[in-house]
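Here the structure comes first, spelled out in structure tokens, and everything after it is commentary.
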DNA sequence: CTCCATTTGGAATGATCGTTCCATAATTGG
DNA sequence: CCAATTATGGAACGATCATTCCAAATGGAG
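Chains as they are written, first to last, in my numbering: chain A, 15 to 202; chain B, 15 to 202.
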């Protein structure tokens, strides 16, 4: 076997995630993508197929990473409510970066089966992790026992999206922190 | 004066709003626009200038209309909390239609001065109307007096966006209604 | 050093983009 | 009926799109 240095597929995907997050699928050209990915055009098509498959790969990987970070934050707190608070705080701190999840959801709605498959898969996993912490919080007396854990998890996921939309619109960190605080209020 | 039947500018804008809402700016072609607007290509450029100006006009008019509907709903309830509830209920009922406000925010962030001008203008007006009802609710004992009215208004606006993102992602009406109910919970 | 798998980017392709030109159709006041 | 005005849509333009072809460069294995 002999070949030149193989490019880093993961690093390339990171570049694609940046471009797609900032400009959406339709707003990202192949040239913008190869520039940000640091690979040649030929490698892009050989490795990922076409622009749409690259987009799906980027959404998939972004979703996996983001899900991991949410879950890590959730588990970082001793009490359930602390984990949830940590998760929201991290979202506030990173809300200046556009979210490919929200972006792809709003650009394509529920019209692309490729994306739906990715999102239902990751959505289930994140919702489950949040639900577990909500139930912890209920057991620990920090969250109202009358709340339905699944509905509460969905509310928190929706408020993560809302913080990111607000951040994308230019809201400053104090305003975003206030949104997170108000969302937490609904759990008590 | 002699001319063929002049086309309905407002109806044409409605068509443009539909297309831009569903496909975004980059995803909407001039052909899709003239088809949905029911006018000729030449009329589009003569009346609106170019695609970007048409987009701004669509965002502006959509924002004005949407703001009016929010405020009407806000005023429809006797108590402040009833108005806020009515506003959220209307959002839930219409969340199957994509929102051009959220769409333009997420497609362009805060990078387009044209859009920023429209959004700060309409945002201020809507926030003011919501704040007034929040203060009503506080006076009437339905909303916690400790809450900052402006932060509460921002929270409600953010949750309107979150309901629409969830709706765009395919959530059913019951799930959306649950999001609205949880948002209201944060006010008590 | 040689070979060969692999990456690369310029050039080409055909499609579509936004936009403009222009000839035609339509409508109404005179 | 005529004239004036406006809307229309096909054709054309140059730019850019996604994608493919291909020749040149790369660098480790033998």
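Even glycine gets a Cβ: it sits at the ideal position worked out from N, Cα and C.
Can you round the beta-carbon distance between residue 50 (chain A) and residue 32 (chain A) to whole angstroms, since I take them to be within the 8 Å contact cut?
Rounded, the Cβ-Cβ distance is 6 Å, consistent with contact.
Practice problem: Please list, in chain order, all residues of the same chain as residue 124 (chain A) whose beta carbon is under 8 Å from its beta carbon, the five residues on each side excluded. | Solution: Residues of the same chain with a CB within less than 8 Å of the CB of residue 124 (chain A), apart from the 5 flanking positions on each side, are 130 in chain order.
- Query: Hey, residue 156 (chain B) and residue 93 (chain B): beta-carbon distance below 9 Å or not?
  - Reply: Taking 9 Å as the Cβ cut-off, residue 156 (chain B) and residue 93 (chain B) qualify as a contacting pair.
*asked:* Between residue 123 (chain B) and chain A, is any beta-carbon pair separated by less than 9 Å?
replied: At least one chain A Cβ lies under 9 Å of residue 123 (chain B).
Quiz item: Taking just the CA atoms, how far does residue 133 (chain A) sit from residue 118 (chain A)?
Solution: Their backbone Cα atoms lie some 10 Å apart in a straight line.
Cutting at 7 Å between CB atoms, please list the residues of its own chain near residue 15 (chain A), excluding the five before and the five after it.
Residue placement at residue 15 (chain A) is poorly supported in this model, since its pLDDT is 49, which falls under 50; the coordinates still yield a value, given next. Counting only Cβ-Cβ distances below 7 Å, and skipping sequence neighbours, we find nothing.
**Message:** At the 9 Å Cβ level, is residue 193 (chain B) part of the contact set with chain A, yes or no?
**Reply:** With 9 Å as the cut-off, residue 193 (chain B) counts as an interface residue toward chain A.
- Message: Going by DSSP in three states, residue 24 (chain B) sits in which element: helix, strand or coil?
- Response: Residue 24 (chain B) falls in the helix class under three-state DSSP.
Open item on the list: Can you give me the C-alpha to C-alpha distance between residue 170 (chain B) and residue 154 (chain B), rounded to a whole angstrom?
Closed with: Going from the Cα of residue 170 (chain B) to the Cα of residue 154 (chain B) covers about 19 Å.
Practice task
Look up residue 108 (chain B) in the DSSP assignment and say whether it is helix, strand or coil.
Solution key: Residue 108 (chain B): coil per DSSP, three-state reduction.
Whole-number beta carbon distance between residue 167 (chain A) and residue 148 (chain A), since they are thought to touch under 8 Å
Contact holds; Cβ gap of about 6 Å.
Query raised in the report: Is it true that the CB of residue 144 (chain A) sits closer than 9 Å to the CB of residue 84 (chain A)?
Result: Yes, Cβ-Cβ distance for residue 84 (chain A) and residue 144 (chain A) is below 9 Å.
Taking only three categories from DSSP, how would you classify residue 1 (chain A)? No statement about residue 1 (chain A) is possible, as the shown extent of chain A runs from 15 to 202 and does not include it.
* Just the C-alpha distance for residue 57 (chain B) and residue 116 (chain A), rounded to the nearest angstrom, thanks. => If I take the Cα positions, the gap works out to 35 Å.
### Message
Taking 7 Å as the limit between beta carbons, can you name the residues of its chain near residue 191 (chain B), skipping five residues before and five after?
### Response
106, listed in sequence order.
Please report how far the alpha carbon of residue 113 (chain A) lies from the alpha carbon of residue 20 (chain B), in whole angstroms.
When only Cα atoms are considered, residue 113 (chain A) and residue 20 (chain B) end up about 44 Å apart.
So, for residue 182 (chain A): in the same chain, excluding its five sequence neighbours on each side, which residues have a beta-carbon less than 6 Å away from its beta-carbon?
Answer for residue 182 (chain A): 112, listed in chain order.
message: For residue 131 (chain A), would you say it is in contact with chain B, using Cβ-to-Cβ distances shorter than 9 Å as the test?
response: It does not: the Cβ of residue 131 (chain A) has no partner Cβ on chain B nearer than 9 Å.
_Checking 9 Å against the spacing of the C-beta atoms, do residue 91 (chain A) and residue 79 (chain A) come in under that value?_
No. Outside cutoff.
Tell me the rounded alpha-carbon separation between residue 61 (chain A) and residue 158 (chain B).
Answer to the nearest angstrom: the Cα atoms are 56 Å apart.
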